[in-house]
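For our numbering, add 46 to where a residue sits in the sequence shown, where the first one is 1. Read through the structure below, which is laid out as structure tokens, and then see the notes.
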Amino acid sequence: MVLMYCENGNLRNYLNNSEKYINYKEKIYMLKDIAEGLLDIHNAGIVHKDFHLGNILHSVNYPFISDLGMCQPAHKQKVKEEGIYGVLPYMAPEVIRGHQYTKASDIYSFGIIMNEILSEEIPYNDIPHNDFLAIKICKGRRPKIPKHIPKFLADLIIRCWDAEIENRPTAKELYQILTKY
């Protein structure tokens, strides 16, 4: 297997270390590219299961979703056998409760990623990442959305975080919405 070298490392490192100011237009373009990559994954009939900024590489102003080692077919039901994996702040509440990873759980993770990119803050940076946070997430706790984030983006983030998975947008819908801006 041959992989592209991404000189900027993962997206979290790029955002933290970049000396260049990244404006909203560039951030939305970045999110559109990430949504397109997620759409490709979902169109292939698989779910990522470990979707966070550390697993998105950045090269020449383009993000690439990486670490597909935990991906599985979207219809596969093996949560009990495999256990729960992922980075807690990005895990959907239904996954924390032991339900199957789905495309909708990837969308939840996208909402966390979206807020992190736009707010420039690590999710739940003021709370220990432990069992108590897991309980709070299951009870509806979400990261704060700063007031400076435009309403249409804040509304999209909230849709991605919806506790009811059927209310979350699809990767295709995310891509289409972000392409408009």
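Where a beta carbon is used, it is the ideal one built from N, C-alpha and C, also for glycine.
Distance check for D208 and Q222, CA to CA, integer angstroms please. 19 Å
Based on Cα-Cα distance, which residue from L99, I204, L61, N56 lies nearest to K154? Contrary to the premise, residue 154 reads as Tyr rather than Lys in this sequence. When each option's Cα is compared against that of Y154, the closest is I204.
Assuming F135 contacts I158 (C-beta within less than 8 Å), just tell me the rounded distance between them. The sequence given here places Pro at residue 135; Phe does not occur at that position. With 8 Å as the limit, P135 and I158 qualify as a contact, their Cβ atoms being about 6 Å apart.
Nearest-angstrom Cβ-Cβ length linking E162 and L99, presumed shorter than 8 Å: 6 Å
Rounded C-alpha distance that separates E72 from R188: 25 Å
Roughly how many angstroms separate the alpha carbons of N69 and V133, rounded to a whole number? 27 Å
Inter-residue spacing [alpha-carbon to alpha-carbon] between L85 and D172: 32 Å
Return the Cβ separation of I111 and I92 in integer angstroms, given the expectation that the two are a contact with Cβ distance under 8 Å. Between I92 and I111 the Cβ distance is about 11 Å, and since that is not below 8 Å, they are no contact.
Please classify Y227: does DSSP put it in a helix, a strand, or coil? coil
For L220 versus L164, is the C-beta spacing smaller than 8 Å? no
Can you tell me the Cβ-Cβ gap for F156 and F97, rounded? I've got them flagged as a contact below 8 Å. 7 Å
For N56, name the three-state secondary structure that DSSP assigns. strand
First through last residue of the alpha helix (DSSP H) which encompasses F156: 149-165
Where G144 and I183 are concerned, what is the direct C-alpha to C-alpha distance, given to the nearest angstrom? 13 Å
To the nearest angstrom, how far is it from the Cα of E210 to the Cα of G83? 24 Å
Give the DSSP-derived three-state secondary structure of F97 in the structure shown. coil
Output the distance between the C-alpha atoms of A217 and H88, rounded to the nearest integer angstrom. 7 Å
Just the C-alpha distance for M137 and S151, rounded to the nearest angstrom, thanks. 7 Å
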